[in-house]
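Asker: Following this message is one structure expressed as structure tokens.
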Amino acid sequence: MKETLAKRLVADLMDWKLERATSEFAWLDLMVNYKFDSYQQYGPGHRFYVHLLRWLSQYEMADRERIWKLLREHLVYISQDEMHHLVSLTGPVIEREMRTAVAKQLGLPVYRVNDDPKASRRLAEMQCRTLYVGVSDGARIDVFRRYNEGTVNNEQVVAMIEISELKQAGLKEKLRERLDAIKSTAPATFEWVCLIDDFTASGTTSIREEGNGKWGGKVQRFIKEVDKTRENAPLITDDAHIQVHHYLASKAASIKVSGLLERFQAQSSGMRFIPSFSYVLPNDVVVTSATHPDLAELLEKSYDPGIETTHTGSDIALGYKQCGLPLVLDHNTPNNSVATLWARSDPKAEKYEKHNHMSPLFPRRQRHSDVRS
Amino acid sequence: MIRVPNLSLDDVDEFISDYFPTAGATLLIGNVGFSPEVLYFPERLGPLSNVDMRFFHERRPAVPAVITHLASEREQQLRELSACPMQVVDIAILAEDGAPIGGRNACMQVHQWLNAKAYTDVVVDATGMSRCTAFPIVKQLYQLSRDTPIRVHLLVADSTQAFSNVESVSNDRGGWMHGFPGETETDEFAKALKLWVVQLSEKAGTSLQTMYRELDSPEEVCPVLPFPAQNPRRADELLFEHREYWQREWFESPLNFIRAHETDPMDVFHSIARLHTTRVEALTGSGLISQTVLSPVGRRLPGIGMLLAALSYELPIFYLETVGYDVHGDLVPGARGIPTHRWHFRVDKLTPTHD
Amino acid sequence: MNPWHKRANEFIRDANELLPLISPQPIKRFFQRESTRLFDRLVVVVGSPGSGKTTLARLLELRTLAAVPDFKGNTDVRELLASLAKADVLDDLEPAILALRLPAGGQLRSIWDLPYDVRLRHRLLRAMIEAKTVLGWLRAMEDVGINLEQVRIITTPNAEAARDAVNADDLSAFRERARVTERAIFKLINALVAPAEDELGGHLIDVAYAPFAIIEWIEISAAWRGRALRLKPMVIIDDAHELHPTQLEDVDLWLRDREIKIARWMLTRIDSLNLEDFRRVLRDEETVSPGTNPGRDRVRILLQDTENRNRQAFRAIAEDVARRYLQPLAAFHRRGSFLSLKTILNTARPPVLSDTDLHILRAENARLVEENQLTRERVEAMEAAYPADIAPDVKAAVTHIMLERELKRTPQRSLFGAPAEDSSEEEVSKVPRPVITGAELQMLHRFERPFYFGFERLADAANENIEQFVTLASVLVDRLETQAIRGRPLALDARQQHKAVREQAGDLIDQWDFPYAPQVRKLVDFIGGRCEELTLRPNAPLSDGANAYGILRSDLENLDSNDELARVLHYALAYQALVLIEPYECKGKTWALFELGGVAIIAKGLTHSRGGFVEGTLHQLKTSVGSAA
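Protein chains in written order, with my numbering: chain A, 1 to 373; chain B, 374 to 728; chain C, 729 to 1357.
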């Protein structure tokens, strides 16, 4: 759709006066070209303006100003470039943790790790014996590798938690070579593992308590995976550091993950769990009925329960687990974000409410094999 | 890639309490600024008998009385912290005709202090210091450290809530930071392509325009957007605020934006280093010369990242001097607590790494 | 490319883009004024930012002049080229001068801060200017495709030794010699700690460089453009106010020397002159130093004409600029014809007060009629004297003023309310236009009735500064583009125009960011407040009100140049927040008027016409910026 026509239609839908239209056109010009139109779930013929027009028109005239505010004043859109930048911050974060660990091991103040020959050798050794694991597609492990060319060897990076025995053997072989090259006699096992994922808003995908002392989540899956070879051909050391790194997290999730890892550590032998984040979103972006009463009220009243699935559970007008995020990621919109941003109603769903048919602004590609509840 | 030995947060305090008591004669250079963070490092170093504290008192013409008053209070507080006799020297930032001379004056003063006594370590506490004085003296000391065994430390403390109701008033003409001149001033490099890396900041529109004009319309502009930031929308809002410039006057496409952490100088350093080295590589053998020009605008910490990049890669810095301050409402002196951000850099150890 | 958003022509590098945008009238006027004296002696051009100084410099650069043949048939540019030809800048469409624009800022100024004897510092500055100019000429020629082997430097007769010293016979050696000088001084300026004077030694030899004393012409062989060309070399020192005053004095003295054969101009901003000097320039006085005759050695041209303001002339220029600037915008081409901004803005219907507001006015008038004890006939006669074209609401507002005046004028009244005699000696005179304007302004403040609409008011607000006109008008162009996007007619009603321009004016003031800007804002607020007060007096004593603050000239003499107010005024004048008009004779006294700049006038809702001022004192001005002793 031609931009000029689209803007005209938006202005008509919103019934803007001249001054307002001029200013909002300028804003749309910027954001559409710089961010929105690149959204990866869009395609030719259905990009931002098309979705915007549909999205605005589902609301009554009286409510449109309020919903426009969600877009204009609250939306947080993380573009691919921005996400890549968060990836680039990871290397220094990991290095800082390692430096602290070496200092602790040798009883030195952190600043001496560089100057002290023993400490810098230890650090070099530790960096060799580090395994970087991309825990999901979103981890963009290839981008991570590019940013850390020169410090991270290709043979230290794996793109998934499942590591076959054959693969494990191969990794250890290469590790031995690296250690030999720096004249280290340390065993060819990994003492530091970075589990890297892109985003968490609930914290539960990483780690969760499932009751009866049982745990779930990616951390747990990784431990299970390496447990398979622990007896005969361990991949990692018994007292390994497991750094759980997310590029992006909500404030609530960062607190949750940190807390859960502490508890998990208490129940695990020897290993140490370190949470870290490239960027933690501040709490004030979260939409709740207390903080954004007008908006929350509108979202609740326009809600179609037909979008719920077995995975999401019920009552997700403010997003999965009511996380209330106004967040869109360039490659997909998390379902922790307020539903109006990403949800598309299915008229065949059992709980479908026709008068609240929902059309998304940034449609979400479902990641779980969901069954509509 | 050039490595910058750095420490942050509690590691800095650990370093200070471990290293300095047994170090040799140490010179601490600071500025009598008006924010409470200015006291943080002097509190820890002042009581040591091997540390000589020397302070600039930056003088500008159009400073509201309330700020001058606060600065005087600071001066008094600093004196109380010092074990050895302390010196405070007025540094005029502007000449009578309004031209910036702060950098030159600061370097002259540092030159005198270094001639008066032999030091093993020099600490520049840039916490309350303007860029125009901090940057040149850091470069001066960096150059010195290449020829002598002197150790050079750069310390910075900052808090997120610092005086948000104080606005800087900028000069209406720009110039090269003292010691960081553009080679494009000379005939040999007059035709070099300029890549202008400029920090975007709120209400900086007029400054940006002045710099763009005085740099003679640089061929390429790379605005630096603060991301990650305390406000996740800040970068977008800055782009919107300044759209007239980058869309219409600079004709930049979004591909040319770089991002750097709002309060992490190391990230700023890395982002610029990546940009500069990639560019140099891309143009090698093409016959084209390119000069990367840096302009720090706005908050202090990202500027420090630019300084480190400028030192490491010999980059010029173009800027507008702050000629005064505008205070809106009451000046509430902040509480003295532990600053949100603390950084230490070993400037004498900026070395290229071997991959 | 939207020229409305390119803040200044200065940014346009491409001559082909630049030439059509330049309005020819100001250029024509400029060259006509001093035609024979512009290239053989020092010319100092004084103007505020946006007054066109730098555009002028860019126009004279070789890369612009070399593009002229491309415009041979172009009607848009014809007048401009004719002026240039007449001024001997062009010779049959080929360049006749080789001009280098040399910005004076930063590096040149820094020479003053070197720890050396004054005379040495002056020598360094002169050498640097000469080296940079020479190198600039060479680069400029190469940029337009001239091979240096086709170039010959013609020097004055009997200058062989000096000619050798600069290697004028061999262009590459010539360039190298200049480079050595430039490099040497560059190193000195940028050393973190400058070497002491006694350490300079060898440097000083490199720095002995003086080609200006001997160069007369640059000859280019026919290989370039088909015929041999002789160019007058020229240096244009831009932003000369950025030099230290002592430096400026020395450069002025140096370049006044008639023995120098190259053309030399200095472009400077008003505040380079301190207030005293500036006022002297306004009065066309010169300080004379021994052995010189400033009138013959130097020409001073003021780019802004504060005294003889020719509003009509500038309106014509603004119209021309608007036409040129709208050309690239598709939205303004409608079915073959081309709309003009002037037409669009002037088609707006005048605003009208709401019935409620009109009713209020009329009720007040009725009360006043009673208080004045006037008859209906009297009032009708009075109203009959108004211009025929005024609308009912304006009429009511004018009547309001006239009645208030009547009230003030009539001395005693009978205690028993007998109707006053018709003062037959009062002529029923025509009501002058300013009173009408005054009425409209009062309605603006009382009822928010739009006032700033129409092309003329926009042009008048620009203080004859093209850049200011463009900045103000750009918001209207934006709004018009929005109309186009929405498929609506290309029109803005009076309220839309007024609102846009008022908001823009406010924004511009908020964005002022230069030394002492906060104090300048305070000053503008203070003066604006007093003017508003006076304008809103019910009897409109100054008809259309005040837009200036006047102090006695003798009071102004008391201002010390070291006073903070003096500095605040410097910048206020430099950025046209205020305009200084003096001497101004009024009521038998001599005044100095600080008139608000056009942008401030709009922001405060005042008249654009000159002359109405609030009487005040220097002391009050000092207090308003918070710097009273």
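All C-beta atoms, glycine included, are put in the ideal place defined by N, C-alpha and C.
Note down the Cα distance separating B:D383 from B:V542, rounded to an integer number of angstroms.
Answerer: Cα-Cα distance, rounded: 34 Å.
Asker: Between A:R66 and the ligand FAD, is there a pair consisting of the residue's CB and a ligand heavy atom that are separated by less than 6 Å?
Answerer: Here there are no bound small molecules, and the ligand FAD is not part of this structure.
Asker: Would the region 520 to 535 of chain B and the region 571 to 578 of chain B be scored as touching if the rule is three or more Cβ pairs under 8 Å?
Answerer: No: fewer than three Cβ pairs fall under 8 Å.
Asker: Which residue from C:K860, C:F1042, C:I990 puts its Cα closest to that of C:P754?
Answerer: Comparing Cα positions, the closest option is C:F1042.
Asker: Please go through the same chain and pick out, in chain order, the residues whose beta-carbon is closer than 7 Å to the beta-carbon of C:R1133, but skip the five residues on each side of it.
Answerer: N1267, listed in sequence order.
Asker: With a cut-off of 7 Å, does the C-beta of B:G548 fall near any C-beta of chain C?
Answerer: True, the Cβ-Cβ gap to chain C drops below 7 Å.
Asker: Taking all protein chains shown into account, do 16 or more other C-beta atoms lie within 10 angstroms of the C-beta of A:G306, making it buried, or fewer, making it exposed?
Answerer: The residue in question, A:G306, is buried, as its Cβ has 16 or more Cβ neighbours within 10 Å.
Asker: Check distances from the C-beta atoms of the region 447 to 474 of chain B to those of chain C and list, in chain order, the residues that come in under 8 Å.
Answerer: Per Cβ criterion, the list reads A468, D470, G471, A472, I474.
Asker: Is A:E402 close to chain B, meaning its C-beta is less than 7 Å from at least one C-beta of that chain?
Answerer: Past the boundaries of the shown model lies residue 402 of chain A; chain A is included only from 1 to 373, so the question cannot be answered.
Asker: Which residues bound the alpha helix (DSSP H) around C:G1354?
Answerer: Careful: C:G1354 lies outside any alpha helix (DSSP H) and carries neither H nor E.
Asker: Between which two residues does the alpha helix (DSSP H) containing A:C194 stretch?
Answerer: Segment 190 to 200 is the beta strand (DSSP E) holding A:C194; no alpha helix (DSSP H) there.
Asker: Does the Cβ of A:E149 have 16 or more other Cβ atoms within 10 Å, making it buried, or fewer, making it exposed?
Answerer: A:E149 is exposed by the Cβ-count criterion.
Asker: Identify which residue in C:K1350, C:T782, C:D768 has its Cα closest to the Cα of C:T996.
Answerer: C:T996 has its Cα closest to that of C:T782, out of C:K1350, C:T782, C:D768.
Asker: Run through chain A and tell me which residues come within less than 7 Å of C:D1206, C-beta to C-beta.
Answerer: In chain order: T22.
Asker: Could you say which of C:A919, C:V1107, C:A889 lies nearest to C:I1129 if we only look at CA atoms?
Answerer: Comparing Cα-Cα distances from C:I1129 to each of C:A919, C:V1107, C:A889, the minimum goes to C:V1107.
Asker: So with Cβ pairs under 7 Å, would you call B:D531 a contact of chain A?
Answerer: Closer than 7 Å: no.
Asker: Are any of the Cβ atoms in chain B nearer than 7 Å to that of C:S918?
Answerer: Residue identity check: residue 918 of chain C is Asn in the sequence provided, not Ser. Output row for C:N918: interface = yes.
Asker: Using a C-beta to C-beta distance shorter than 7 Å, which residues of chain C count as neighbours of B:A563?
Answerer: In chain order: R867.
Asker: What are the start and end residues of the beta strand (DSSP E) that includes B:V737?
Answerer: Past the boundaries of the shown model lies residue 737 of chain B; chain B is included only from 374 to 728, so the question cannot be answered.
Asker: C:P1311: which of C:R1281, C:R1338, C:G1326, C:V1327 sits nearest, CA to CA?
Answerer: Considering only alpha carbons, the answer is C:R1281.
Asker: Compare the C-beta of B:E610 against all C-beta atoms of chain A and say whether one is closer than 7 Å.
Answerer: Output row for B:E610: interface = no.
Asker: Need the endpoints of the alpha helix (DSSP H) that C:D1206 sits in, please.
Answerer: Run containing C:D1206: 1194 to 1213, per the alpha helix (DSSP H) assignment.
Asker: May I have the straight-line CA-CA distance separating C:W840 from C:R851, to the nearest angstrom?
Answerer: Going by the C-alpha atoms only, they are around 11 Å apart.
Asker: Using beta carbons (cut-off 7 Å, strictly below), is B:E558 in contact with chain C?
Answerer: Chain C contact via Cβ: present.
Asker: Do we get a CB-CB distance below 7 Å when we pair B:A633 with the residues of chain C?
Answerer: No - not a single Cβ of chain C is within 7 Å of the one on B:A633.
Asker: Exposed or buried, which one is A:K354 when buried takes at least 16 other CB atoms within 10 Å?
Answerer: The residue in question, A:K354, is exposed, as its Cβ has fewer than 16 Cβ neighbours within 10 Å.
Asker: Quick check: the Cα distance between A:R54 and A:F48, rounded to an integer number of angstroms?
Answerer: Rounded to whole angstroms, A:R54 to A:F48 spans 10 Å at the Cα level.
Asker: Would you list the one or two residues that DSSP bridges to C:V773?
Answerer: According to DSSP, which records beta bridges pairwise, C:V773 is partnered with C:L995, C:I1029.
Asker: At the 7 Å Cβ level, is B:A491 part of the contact set with chain C, yes or no?
Answerer: Chain C, which has no Cβ nearer than 7 Å to the Cβ of B:A491, makes this no.
Asker: Are C:R1223 and C:P1178 touching if we call contact CB-CB under 7 Å?
Answerer: Their beta carbons are under 7 Å apart, which means C:R1223 touches C:P1178 by this criterion.
Asker: For a test of the three-state rule: what should DSSP assign to A:D116, helix, strand or coil?
Answerer: Note: A:D116 maps to coil in three-state DSSP.
Asker: Taking C-beta to C-beta, are C:G1273 and C:G1166 nearer than 7 Å?
Answerer: Closer than 7 Å, so yes.
Asker: Where does B:C595 fall in DSSP's three states?
Answerer: Strand at B:C595.
Asker: On a Cα-Cα basis, can you pick out the residue from A:L329, A:T333, A:E95, A:H357 that is closest to A:Y303?
Answerer: Checking every option, the nearest Cα to that of A:Y303 belongs to A:H357.
Asker: For C:C1314, count the other beta carbons within 10 Å of its own beta carbon; 16 or more makes it buried, fewer makes it exposed. Which is it?
Answerer: So C:C1314 counts as exposed.
Asker: Run down chain C in chain order and give the residues with a C-beta less than 8 Å from the C-beta of A:K256.
Answerer: Ordered by position in chain C, no residue passes the 8 Å Cβ test against A:K256, which lies about 44 Å from the chain.
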